[in-house]
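Numbering (the working numbering), first residue to last: 2 to 587. Using N, Cα and C, we set each Cβ at its ideal position, and we do this for glycine too. Below is one structure; the comments refer to it alone.
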Amino acid sequence: MHEWESPDYEPSLPVSEKSNPLTRDIDRASPSRIVRMLQSCDAEMFLKETGSTYQMLLCDKVVKTMMEVAELVELILKEPLDSLVVLSGCGTSGRLAFLVVSGFNKALREMNHSEVYEYIIAGGDRALFSSQEAPEDDPHLGMRCLKKVCEGKKRVLFIGISCGLSAPFVAGQLDFCLRHPEVFTPVLLGFNPAHQARNESVPGCTFTFLNVVQRMQVLANGRRAFLINPSVGPEAISGSSRMKGGSATKMLLEVILGAAHGAAFSHAATTHQGLLQHLRAYEKTVEVTYSHSTAIAGLVAAAGQSLLCKKHVCYLGWGSLAVLGLIDASECEPTFGAAHGDIQAFISGGHRALNNNEGSIALMGPQFCISHEEFLLHVLPTLDDQDTVILIYTHTDNVTEVMNVAHRVREKMSNLYAIYHRADGDGAGLHDEINRLYMSTLTFSWPLPTSGSLQHMWELSTKLVLNAVSTGAHILKGKVYQNHMIDVQVTNSKLYRRATHLIQKLSGHPEAQCEEALLKAIYQVDHLTEDITSCHMTTHTATGIERTKVVPLTLVSLLAGCSFDDARSHLDQEPIIRKAVEACLQ
2 MHEWESPDYE PSLPVSEKSN PLTRDIDRAS PSRIVRMLQS CDAEMFLKET GSTYQMLLCD
62 KVVKTMMEVA ELVELILKEP LDSLVVLSGC GTSGRLAFLV VSGFNKALRE MNHSEVYEYI
122 IAGGDRALFS SQEAPEDDPH LGMRCLKKVC EGKKRVLFIG ISCGLSAPFV AGQLDFCLRH
182 PEVFTPVLLG FNPAHQARNE SVPGCTFTFL NVVQRMQVLA NGRRAFLINP SVGPEAISGS
242 SRMKGGSATK MLLEVILGAA HGAAFSHAAT THQGLLQHLR AYEKTVEVTY SHSTAIAGLV
302 AAAGQSLLCK KHVCYLGWGS LAVLGLIDAS ECEPTFGAAH GDIQAFISGG HRALNNNEGS
362 IALMGPQFCI SHEEFLLHVL PTLDDQDTVI LIYTHTDNVT EVMNVAHRVR EKMSNLYAIY
422 HRADGDGAGL HDEINRLYMS TLTFSWPLPT SGSLQHMWEL STKLVLNAVS TGAHILKGKV
482 YQNHMIDVQV TNSKLYRRAT HLIQKLSGHP EAQCEEALLK AIYQVDHLTE DITSCHMTTH
542 TATGIERTKV VPLTLVSLLA GCSFDDARSH LDQEPIIRKA VEACLQ
């Protein structure tokens with residue numbers, strides 16, 4: 002049994018919020034050790050069951066439920082009229098829903114088959130590229146979005162994704178499905194045991210997420226609802242479900258939909274062994290990716306140095322790998338309190354290449370200007386040799402275009418790197434010539450998989466590398482204390498609770514005192530009025546959207562026993578947040 006599996010280990014927290022014993026001192030690690038720690042954590046996704054209370058990703062029950070859901074998808078593929086498969090989530094979960102839907106709808110178009118997949122993301126398409134945390138707390142918005150997408154449909158398979166079984170937006174959608182069983186079959190995908198689902202009331206609702214899960218458990222026996230909720234272990238950075246939670250989400254969805262497509266179009270029966278073999282192929286992908294740990298550590302070091310110098314990291318990608326760059330960059334703001342521009346991503350073709358529901362949203366602000374042209378025109382002129390640019394592509398992309406972009410970047414700066422995927426046996430072509438433009442190239446050569454899609458393997462590998470780069474860079478910048486997000490933004494109820502727990506854990510003060518200090522930092526006052534204390538949490542998080550360094554300010558004021566202004570002054574003198582908090586703790 003692993004330490005985190007013990008019932009005595011952080012017993013008040015669900016698995017998705019526990020700290021991982023493997024990364025307790027990741028904040029002091031070198032780039033190479035950071036990567037090794039992330040590798041150990043990612044390997045936990047494929048743990049065998051040890052007789053603990055947790056079911057794992059590869060266990061028979063999880064695979065059996067995946068088979069049953071795949072069979073329902075197969076039926077819709079064979080009879081698509083008035084039918085739909087909807088994938089929905091918040092933050093990373095919604096972004097991965099978009100990525101998976103885009104890929105499988107593209108496969109259907111290439112077969113001249115009608116598209117059957119739709120995605121929903123809390124906050125709309127703005128949330129694909131930027132942090133939109135508040136809509137996660139609105140179950141009624143979730144219901145309205147689902148009703149709109151499914152209008153006129155007679156059969157809908159709804160897959161709601163919530164890594165922590167906690168998002169009210171998804172809970173509202175699942176509740177709506179349960180109240181309309183004549184149309185909807187609900188599936189819940191997450192990574193906590195059912196009893197650890199969030200049991201916190203939501204304004205205007207008579208249910209909690211736990212209530213919804215319990216109702217689904219009753220219906221699961223008759224295959225009228227499905228729960229897929231293996232444990233993948235605590236995240237490397239506590240609560241950062243963009244990492245293992247996101248990777249496992251992507252794997253599970255692709256295995257389910259891939260099996261359905263195989264059965265519907267290739268007459269390949271959906272079998273337990275087939276799904277297990279597909280999951281094992283992803284396990285091999287993780288192993289192959291981390292076999293390049295030295296090169297990954299080099300990217301972490303370069304990106305970390307740029308952020309330490311208050312410079313920027315830019316991902317320039319092609320195809321679906323570029324989408325993973327956009328996803329990774331969008332997650333840094335809420336996770337690490339990063340500013341827009343610290344880590345940015347761009348895609349060849351811009352919004353035209355995405356085929357997202359709302360089309361181009363570039364006019365909404367600079368964070369939505371995502372094409373290579375916009376990078377070359379507006380961002381590149383501001384960069385110098387302290388910034389880092391990483392190109393991300395495969396041998397199937399337009400290598401001439403890659404070379405042209407590489408030349409343009411090198412004319413302005415030298416700190417240019419590449420992540421490049423190719424199939425075994427593919428000739429180098431122009432790639433050797435492009436290589437001379439890079440400081441280094443992380444090159445992956447992949448054998449054709451016996452199970453699953455090579456494109457999906459490239460995507461998962463790229464996700465792991467980019468997660469390591471952005472996480473490692475922010476660790477080196479001092480945005481992580483022990484293995485906690487010390488500068489997390491307090492912009493929804495989940496993050497509010499996470500911040501309160503973190504402050505209590507690190508300060509040793511009672512929960513009520515920690516929450517009081519947190520509210521003082523949110524409202525920037527030294528004394529709380531009754532108007533503030535009587536407000537619901539959603540009012541606090543709406544105010545928190547406008548604030549920076551809320552958690553560090555709270556910790557410093559508690560530990561130093563000082564005023565809010567003095568705490569801010571202390572942080573101004575020591576801009577590396579980890580060191581500022583550390584000084585107070587000592």
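Own chain residues within Cβ distance below 6 Å of residue i, not counting five before or after
| i | result |
| --- | --- |
| ARG199 | SER167 and PHE210 |
| ILE344 | VAL314, ALA330, CYS333 and SER471 |
| LEU39 | ALA237 and ALA469 |
| VAL324 | LEU100 |
| CYS370 | ALA363 |
| LEU264 | The question names Leu, yet the displayed sequence has Ala at residue 264. Answer for ALA264: GLU75 and THR271, listed in chain order. |
| ARG216 | LEU179 |
| GLY161 | SER89, VAL171, GLN174, LEU175 and LEU189 |
| ASP527 | SER564 and PHE565 |
| LYS312 | GLN387 and ASP388 |
Close-in-space but distant-in-sequence residues of the same chain around residue i (CB under 8 Å, 5 per side omitted)
| i | result |
| --- | --- |
| PRO382 | LYS413 |
| ARG25 | GLN483 and ASN484 |
| ASP385 | LYS312, LYS413 and MET414 |
| PHE105 | TYR118, LEU258 and HIS262 |
Beta-carbon contacts of residue i that lie in its chain and below 7 Å, excluding the five residues immediately before and after
| i | result |
| --- | --- |
| ILE420 | ILE391, ILE393, LEU443, THR463 and VAL466 |
| ARG569 | LEU554 |
| GLU633 | With the chain running from 2 to 587 in the structure shown, residue 633 is simply not present. |
| TYR439 | LEU417, TYR418 and ALA419 |
| GLN218 | ALA195 and LEU228 |
| ALA581 | PRO553, VAL557, HIS571, LEU572 and GLU575 |
C-alpha gap between residue i and residue j, whole angstroms
| i | j | result |
| --- | --- | --- |
| MET404 | GLN387 | 22 Å |
| GLU50 | MET67 | 18 Å |
| ARG180 | VAL213 | 11 Å |
| TYR497 | THR542 | 7 Å |
| GLU134 | PRO169 | 12 Å |
| PRO187 | CYS91 | 17 Å |
| LEU589 | LEU529 | No answer is possible for residue 589: it lies beyond the span of the chain, which begins at 2 and ends at 587. |
| PRO367 | GLN278 | 43 Å |
| GLY275 | SER452 | 8 Å |
| SER441 | TYR418 | 5 Å |
| PRO450 | GLY259 | 14 Å |
| LEU48 | ILE328 | 27 Å |
| GLU69 | VAL63 | 10 Å |
| ASP532 | TYR524 | 11 Å |
| ASN436 | GLU284 | 29 Å |
| PHE347 | GLY562 | 44 Å |
| HIS293 | ALA474 | 18 Å |
| HIS379 | GLY153 | 44 Å |
| LEU220 | PHE185 | 13 Å |
| VAL491 | ALA500 | 7 Å |
| GLU4 | PRO12 | 12 Å |
| GLU72 | ALA261 | 6 Å |
| ARG409 | SER202 | 54 Å |
| LEU109 | SER115 | 7 Å |
Nearest-angstrom Cβ-Cβ length linking residue i and residue j, presumed shorter than 8 Å
| i | j | result |
| --- | --- | --- |
| ASP28 | GLN514 | Not quite, the Cβ-Cβ distance comes to about 25 Å (not below 8 Å), so this is no contact. |
| SER239 | GLU18 | 7 Å |
| ILE122 | ARG145 | At roughly 14 Å, the Cβ-Cβ gap does not stay under 8 Å, so ILE122 and ARG145 are not in contact. |
| PRO32 | VAL289 | Not a contact, Cβ separation roughly 20 Å. |
| PRO22 | ASN193 | Not really, about 18 Å apart at Cβ, beyond 8 Å. |
| VAL400 | ILE487 | VAL400 to ILE487, Cβ: 42 Å. No contact. |
| GLY143 | GLY173 | 4 Å |
| ASP43 | VAL287 | 5 Å |
| GLY338 | GLY326 | That belief does not hold up - the Cβ atoms of GLY338 and GLY326 are roughly 20 Å apart, past 8 Å. |
| ILE548 | VAL481 | Residue identity check: residue 548 is Arg in the sequence provided, not Ile. At roughly 20 Å, the Cβ-Cβ gap does not stay under 8 Å, so ARG548 and VAL481 are not in contact. |
Near the ligand NAP: residue i beta-carbon under 7 Å from a heavy atom
| i | result |
| --- | --- |
| ILE229 | This structure lacks the ligand NAP; in fact it carries no ligand of any kind. |
At a cut of 8 Å, does the stretch 506-524 reach the stretch 558-567 through at least three beta carbon pairs? They touch, by the three-pair rule.
Any 3 or more C-beta pairs closer than 8 Å across the stretch 231-239 and the stretch 47-59: Yes, the stretch 231-239 is in contact with the stretch 47-59.
Can you check the stretch 505-569 for any alpha helix (DSSP H) of at least 4 residues that lies completely inside it and give the ranges in chain order? Entirely contained in the stretch 505-569, the alpha helix (DSSP H) runs reaching 4 residues are, in chain order, 512-524, 531-534, 538-545 and 551-561.
In chain order, which alpha helix (DSSP H) runs of at least 4 residues are fully inside the stretch 156-190? You should have 169-180.
With contact counted as at least three CB pairs below 8 Å, one residue from each stretch, are the stretch 491-511 and the stretch 244-255 in contact? In this structure the stretch 491-511 does not touch the stretch 244-255; the number of beta carbon pairs closer than 8 Å is below three.
What alpha helix (DSSP H) runs, 4 residues minimum, are completely inside the stretch 365-399? The stretch 365-399 contains no complete alpha helix (DSSP H) run of 4 or more residues.
Let me know the alpha helix (DSSP H) ranges lying completely inside the stretch 438-484, each 4 residues or longer, listed in chain order. Runs found: 455-478.
Quick one: complete alpha helix (DSSP H) runs, 4+ long, within the stretch 273-349? The stretch 273-349 contains these whole alpha helix (DSSP H) runs: 273-291, 294-309 and 320-337.
Inside the stretch 57-144 only - alpha helix (DSSP H) runs reaching at least 4 residues: Segments of the alpha helix (DSSP H) lying fully in the stretch 57-144: 61-79, 93-111 and 127-130.
Taking the runs of the beta strand (DSSP E) that are 3 residues or longer, which of them lie wholly in the stretch 398-429? Runs found: 417-424.
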